[in-house]
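Enquirer:
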Amino acid sequence: MKLYHRAFKAMGTPCDIQVYAKTQDKAEQVIGLIIADLQRLEARYSRYRSDSFLSAINRVAMTGGHITVDKETTELLNYAATCYAQSDGLFDITSGILRQAWDFKSGKLPNEEQVQALLGKIGWEKLHWKPPVLEFPFPGIEIDFGGIVKEYAADRAVSLGLQAGICHGLVNLGGDIKIVGPRPDGDLWRIGIRHPDHKGVAIEMLQLYEGAIASSGDYERCIVLEDIRYGHVLNPKTGWPVRHLASVTVVSDWCVVAGSASTIAMLKETEGQVWLQNLDLPHFWVDIQGKTGGSLGRLSVESLSTTETQYSVAAAIL
């Protein structure tokens, strides 16, 4: 059995697929199947494409009204609703509209009046969601699956690989990683957690047998002024970046759970560490002073092979 590798770009980020297969034809078949599904999801849920289903939803939202959605979108919206409830309203798929105020390439902070004006258009509770009908009672609200769909895509990719007979491999979608089984010789996969202050440097190394790992941090897009870093993780209640944790990494059986949990912990700021402890999933955090913590450093390699306790929003949406 040989390792086959494909690097490509999807969903606006570098991606990587590694699979062990008996033949190159088999590997290319499975990799092609996974990439096709990623392209399908990007075409459906990208806010950058006017022909996406998400854009169709937001055109209804722009004027107010309702739209009936399909089963897959229903499950994503149900997951988003549960994350909203579990996070006390901090994980909110209506908060993407804040990008209208925050331009992280400009090097400038937004106008406070503009931020405040956008806050009035944020709030999952302002929508009426009675599956499969999503209603926007008044115009101006929009939704964004950016915090869910890439991780969901990673989970789907591994499921498709398993269905095609792949028992050893790894999918990396811009740092959202899902693993299926160890390497054929039993070796574990080595995964580095990025240092929030040093690009290309790992602050911690993990070895995983299976499962998923995802991180959230303030380093991908940020504005630095007077030695203060304003990251892209924005609190939907204030419209401003979080200012306590610099990065959070979570390990779970599901990438969508790991991704949402790491983001929620960032959004909870000073309460994030305690929330992660109560969540009872392996995790690692770095605060803005460079202090580190979490359960990952205390766990053995074997204990990371599975996660017995799952985040309560881990509904089967595959």
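Quick note on our numbering: the sequence shown kicks off at 57 and runs consecutively. The beta-carbon is built from N, C-alpha and C at its ideal position, and this holds for glycine as well.
1. Less than 8 Å between the CB atoms is what I'm expecting for Ala66 and Gln95, so what's the real figure, rounded?
2. Hey, would you say Leu146 sits closer than 8 Å to Leu262, going by beta carbons?
3. With a threshold of 16 other CB atoms inside 10 Å of the CB of Gly287, please say whether the residue is buried or exposed.
4. Nearest-angstrom Cα distance between Phe340 and Val257?
5. To the nearest angstrom, how far is it from the Cα of Ala314 to the Cα of Ala270?
6. Beta-carbon separation of Val227 and Ile90 under 8 Å?
7. Going along the chain, which residues of its own chain have a beta-carbon closer than 7 Å to the beta-carbon of Gln366, five neighbours each way excluded?
8. Quick check: the stretch 324–331 against the stretch 224–239, are there 3 or more CB pairs under 8 Å?
9. Counting Cβ pairs closer than 8 Å, one from the stretch 186–202 and one from the stretch 127–140, do we hit at least three?
10. So which of Asp159, Tyr140 and Ile113 has the shortest CA-CA distance to Arg277?
11. In three-state terms, what does DSSP make of Tyr140?
12. For the 8 Å Cβ check, are there 3 or more pairs between the stretch 161–170 and the stretch 201–219?
13. Starting from Trp185 and walking both ways along the beta strand (DSSP E), at which residues does that stretch end?
Expert: Straight from the coordinates:
1. The C-beta distance from Ala66 to Gln95 rounds to 7 Å, short enough to meet the 8 Å contact threshold.
2. Contact flag unset, no.
3. Classification of Gly287: buried, given that the 10 Å Cβ count is 16 or more.
4. CA-to-CA, the gap between Phe340 and Val257 works out to about 16 Å.
5. Between the C-alpha atoms of Ala314 and Ala270 there is a straight-line separation of about 5 Å.
6. Against a cut-off of 8 Å, the Cβ pair of Ile90 and Val227 comes out as a contact.
7. At Gln366, the pLDDT of 39 sits below 50, so the modelled position is not reliable; the number obtained from the coordinates is stated separately. The answer, listed in chain order, is Ser308, Asp309 and Val313.
8. Put simply, the stretch 324–331 does not touch the stretch 224–239. Fewer than three CB pairs are less than 8 Å apart.
9. The stretch 186–202 and the stretch 127–140 touch, with no fewer than 3 CB-CB distances between them shorter than 8 Å.
10. Looking at Asp159, Tyr140 and Ile113, the one whose alpha-carbon comes closest to that of Arg277 is Asp159.
11. Secondary structure at Tyr140: helix, using DSSP grouped into helix, strand and coil.
12. Remark: fewer than three beta-carbon pairs, one from each stretch, lie closer than 8 Å, so the stretch 161–170 and the stretch 201–219 are not flagged as touching.
13. Taken as a continuous stretch (DSSP letters only), the beta strand (DSSP E) holding Trp185 covers His184 to Lys186.
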